């Protein structure tokens with residue numbers, strides 16, 4: 001999922017200062033799962049914002065809506081009936097959702113309520129960790145299902161480096177050395193030989209090196 | 223401020239604090255009428271939004287009363303509630319309402335005295351803190 005965290009209240013209050021009526025829009029997908037911008041978080045932020053404004057003697061009307069998926073135009077269209085009553089929109093979705101609203105409603109200021117952080121997985125309840133960087137050329141088949149791009153601090157394709165100590169990364173002792181994890185996994189699978197094969201230099205153009213990316217499926221395009 | 227009588231909402235778990243309130247009654251213990259009790263099936267049922275809504279609607283203080291650690295009827299609802307209260311305290315600090323207006327307390331069903339004392343302590347604490355700034359701002363709005 002795409003993970004996110006709510007921005008500090010001070011920042012949110014500051015950008016909403018000029019307004020009296022806003023739409024607060026959540027998303028039922030990734031940000032719901034990582035407890036950053038689902039229906040529940042929309043309710044909490046709405047209540048907190050209204051209280052914060054009241055303590056300063058001001059009034060903020062907040063219309064709460066949580067869309068099924070904020071990164072899809074079909075669902076963003078549901079805001080049409082509410083958008084006119086709002087002076088601005090605050091989105092609790094990831095950056096994709098915020099931009100989709102900005103694209104659809106060109107005359108309405110849109111503000112992000114969360115900092116979109118990374119593509120990750122739940123380690124346990126309340127803990128999410130980075131697992132994928134969307135490099136566009138997956139190497140997980142070579143590395144025992146553990147990504148050296150997302151999980152090695154240096155993104156080494158042939159590791160570990162000299163900073164690996166007792167299975168931990170020199171960058172932070174809380175970070176597992178990805179290459180230690182890869183080695184342990186390959187060993188458990190009896191695939192130690194694979195470790196000996198050098199992975200060639202990666203073509204980063206499939207990642208961000210080639211500029212903003214697009215996927216076009218000819219069979220689906222209308 | 224001298225005549226300020228706070229309104230306090232207490233979310234009380236059916237299996238402990240609510241029964242402790244009954245116990246306090248049976249023992250003829252006095253506690254301030256400022257505390258308005260809402261019975262919940264478990265303190266873990268109390269969500270962040272319930273606490274915020276109580277404050278938004280004008281409560282001056284809120285506390286969640288759950289079972290003693292290890293005694294939750296539903297295993298760990300009290301622990302979950304404690305974590306939520308801690309989260310809300312931080313949020314209230316961020317918006318200058320003050321996290322100290324919200325507390326988590328633990329007690330067993332037999333602790334009538336503890337229930338009454340908690341009500342006294344919380345009332346005194348909130349009285350010292352003064353009215354919920356949200357409420358006073360709203361009143362000023364009406365007066366204007």
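Residue numbers (this note's numbering), protein chains in the order written: chain A, 1 to 222; chain B, 223 to 366.
Every residue, glycine too, gets a C-beta built ideally from N, C-alpha and C.
In this text, all values refer to a predicted model and were calculated from it rather than measured experimentally.
Assumed close pair residue i, residue j - CB separation to whole angstroms, cut-off 8 Å
i: residue 271/B; j: residue 95/A; result: About 26 Å; that fails the 8 Å criterion.
i: residue 245/B; j: residue 299/B; result: Contact doesn't hold; Cβ gap of about 21 Å is too wide.
i: residue 354/B; j: residue 323/B; result: 7 Å
i: residue 12/A; j: residue 49/A; result: 7 Å
i: residue 232/A; j: residue 52/A; result: This structure leaves residue 232/A out entirely; chain A is present only between 1 and 222.
i: residue 97/A; j: residue 71/A; result: 5 Å
i: residue 325/B; j: residue 285/B; result: 4 Å
i: residue 253/B; j: residue 289/B; result: Not really, about 20 Å apart at Cβ, beyond 8 Å.
Rounded straight-line distance, which links the Cα of residue j to that of residue i
i: residue 168/A; j: residue 321/B; result: 37 Å
i: residue 133/A; j: residue 59/A; result: 42 Å
i: residue 15/A; j: residue 196/A; result: 54 Å
i: residue 220/A; j: residue 210/A; result: 24 Å
i: residue 79/A; j: residue 102/A; result: 12 Å
i: residue 234/B; j: residue 265/B; result: 7 Å
i: residue 273/B; j: residue 349/B; result: 19 Å
i: residue 366/B; j: residue 87/A; result: Low confidence applies here, because residue 366/B scores a pLDDT of 47, under 50, leaving its location unreliable and the question unanswered by this model.
i: residue 279/B; j: residue 314/B; result: 15 Å
i: residue 39/A; j: residue 297/B; result: 27 Å
i: residue 227/B; j: residue 105/A; result: 48 Å
i: residue 339/B; j: residue 230/B; result: 14 Å
i: residue 269/B; j: residue 189/A; result: 44 Å
i: residue 143/A; j: residue 30/A; result: 26 Å
i: residue 204/A; j: residue 131/A; result: 18 Å
i: residue 56/A; j: residue 357/B; result: 11 Å
i: residue 2/A; j: residue 247/B; result: 52 Å
i: residue 122/A; j: residue 110/A; result: 29 Å
i: residue 23/A; j: residue 81/A; result: 11 Å
i: residue 198/A; j: residue 187/A; result: 17 Å
i: residue 172/A; j: residue 185/A; result: 22 Å
i: residue 63/A; j: residue 21/A; result: 8 Å
i: residue 293/B; j: residue 117/A; result: 38 Å
i: residue 374/B; j: residue 26/A; result: An answer regarding residue 374/B cannot be provided, because it is not within the stretch 223 to 366 covered by chain B.
i: residue 239/B; j: residue 309/B; result: 22 Å
i: residue 223/A; j: residue 69/A; result: One cannot answer for residue 223/A here, as it falls past the ends of chain A, which runs 1 to 222.
i: residue 259/B; j: residue 312/B; result: 24 Å
i: residue 208/A; j: residue 218/A; result: 23 Å
i: residue 177/A; j: residue 157/A; result: 13 Å
i: residue 32/A; j: residue 75/A; result: 16 Å
Pair within 8 Å by beta-carbon distance, residue i and residue j
i: residue 4/A; j: residue 114/A; result: yes
i: residue 152/A; j: residue 159/A; result: yes
i: residue 136/A; j: residue 128/A; result: no
i: residue 41/A; j: residue 6/A; result: yes
i: residue 108/A; j: residue 139/A; result: no
i: residue 257/B; j: residue 232/B; result: yes
i: residue 47/A; j: residue 275/B; result: yes
i: residue 154/A; j: residue 161/A; result: yes
i: residue 334/B; j: residue 242/B; result: yes
i: residue 277/B; j: residue 319/B; result: yes
Cβ-heavy atom distance, residue i to the ligand HEM, below 7 Å
i: residue 180/A; result: Because no ligand of any kind appears in the structure shown, any question about the ligand HEM cannot be addressed here.
Listed by chain order, chain D residues near residue i by CB distance under 9 Å
i: residue 228/B; result: The question asks about chain D, but that chain is absent: this structure's protein chains are A and B.
> What residues in the stretch 312 to 341 of chain B have a beta carbon less than 7 Å from any beta carbon of chain A?
Replying inline: Answer set for the stretch 312 to 341 of chain B: 313, 316, 317, 318 and 319.
>> Tell me which residues of the stretch 62 to 82 of chain A have at least one Cβ-Cβ distance to chain B shorter than 8 Å, keeping chain order.
In response: Shown here is that no member of the stretch 62 to 82 of chain A has a Cβ falling below 8 Å from a Cβ of chain B.
> the stretch 272 to 286 of chain B: which residues have C-beta closer than 8 Å to a C-beta of chain A, in chain order?
Replying inline: 274, 275, 277 and 278
> In chain order, which continuous runs of the beta strand (DSSP E) of length 3 or greater are located wholly inside the stretch 125 to 200 of chain A?
Replying inline: 127 to 132 and 172 to 176
>> At 4 residues or longer, what runs of the alpha helix (DSSP H) sit wholly inside the stretch 228 to 291 of chain B?
In response: 239 to 248 and 270 to 278
> If you scan the stretch 94 to 128 of chain A from start to end, which runs of the alpha helix (DSSP H) of 4 or more residues do you find wholly inside it?
Replying inline: 95 to 104
> At which residue ranges does the stretch 37 to 94 of chain A contain complete beta strand (DSSP E) runs of 3 or more residues, listed in the order of the chain?
Replying inline: 61 to 67 and 88 to 91
> What are the residues of the stretch 259 to 273 of chain B that lie near chain A, defined by any Cβ-Cβ distance shorter than 9 Å?
Replying inline: 269, 270 and 271
>> What are the residues in the stretch 30 to 42 of chain A lying within 8 Å of chain B by C-beta distance?
In response: 40
>> Going residue by residue through the stretch 301 to 345 of chain B, where are the continuous beta strand (DSSP E) segments of at least 3 residues, counting only ones entirely within it?
In response: 324 to 328
> What residues in the stretch 300 to 312 of chain B have a beta carbon less than 8 Å from any beta carbon of chain A?
Replying inline: Listed by position, the residues of the stretch 300 to 312 of chain B near chain A (Cβ gap below 8 Å) amount to none.
>> To be precise: take each residue of the stretch 92 to 111 of chain A, compare its Cβ to all Cβ atoms of chain B, and keep it if any distance is under 8 Å. Which residues remain?
In response: none
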